[in-house]
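Visitor: Quick one: the structure is below, questions incoming.
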Amino acid sequence: MTTVAVIADTHLPRGSRRLPEECVECLRAADLTIHAGDFSSRGAYDEIDGLSRKLIAVRGNVDDAELQARLAERAEVEIDGARVAVVHDAGPARGRLARLRRAFPEADAVIFGHSHMPLHERQGGFQIFNPGSPTERRRAPHRTFGIAEVERGEIGFRHLALR
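As structure tokens, then:
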């Protein structure tokens, strides 16, 4: 089984804000980290990359110019037989699942960020997952991040709430 830490919208640095220790521990323990954009700075990217065994990341709308140039808008990766796509902004909520299915026809799942709202939806064998934000909850009840467990082409997601 492959364990994936799933995060987005870290928006670091901002004042004394840091990644919560529970999130840091998860990044260190996971086989892979997927970040769905909005690190904000190269320093935040470097910190998360340093905590991760392997990092797959896309750029977000608030990432600095260096990250905008360095990171792609979209990524697709195969993890233990499951095809996972990553994008920052998945667009409006209405029709999102069908729209992402059309945008990534080969994917078993799409991970996205931008709204800071944790979400997990499925239709048939296709899933979409927003981990929320571990640092800035906005309208969400809690700060969150996600874990994915992948085995022989099957992927399961869950949210972890931070208090």
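Residues in the sequence shown are numbered consecutively from 0, following numbering that gives the first Met the number 0.
Note that beta-carbon positions come from the ideal geometry of N, C-alpha and C, so glycine has one too.
(1) What did DSSP end up calling ALA102 once you bin it into helix, strand or coil?
(2) Around the C-beta of GLU46, are 16 or more other C-beta atoms found within 10 angstroms, so that it is buried, or is it exposed?
(3) State the Cα-Cα distance for the pair LEU31 and GLU77, rounded to the nearest angstrom.
(4) Which full runs of the alpha helix (DSSP H) of 4+ residues lie inside the stretch 32-62, going along the chain?
(5) I believe VAL61 touches ILE33 by the beta-carbon criterion, under 8 Å. Please report the beta-carbon distance rounded to the nearest angstrom.
(6) Measure the Cβ-Cβ separation of LEU11 and ALA43 and say whether it is below 8 Å.
(7) Closer than 7 Å by C-beta to ARG27: which residues in its own chain qualify, once you throw out the five before and the five after it? Chain order, please.
(8) Could you name the residues of the same chain whose beta carbon sits closer than 6 Å to that of HIS158, not counting the 5 residues immediately before and after it, in chain order?
Guide: With the structure as the only source:
(1) helix
(2) buried
(3) 12 Å
(4) 41-50
(5) Actually they do not touch by this definition, with Cβ atoms about 18 Å apart.
(6) Going by C-beta atoms, LEU11 is nearer than 8 Å to ALA43.
(7) LEU50
(8) PRO117, THR143 and GLY145
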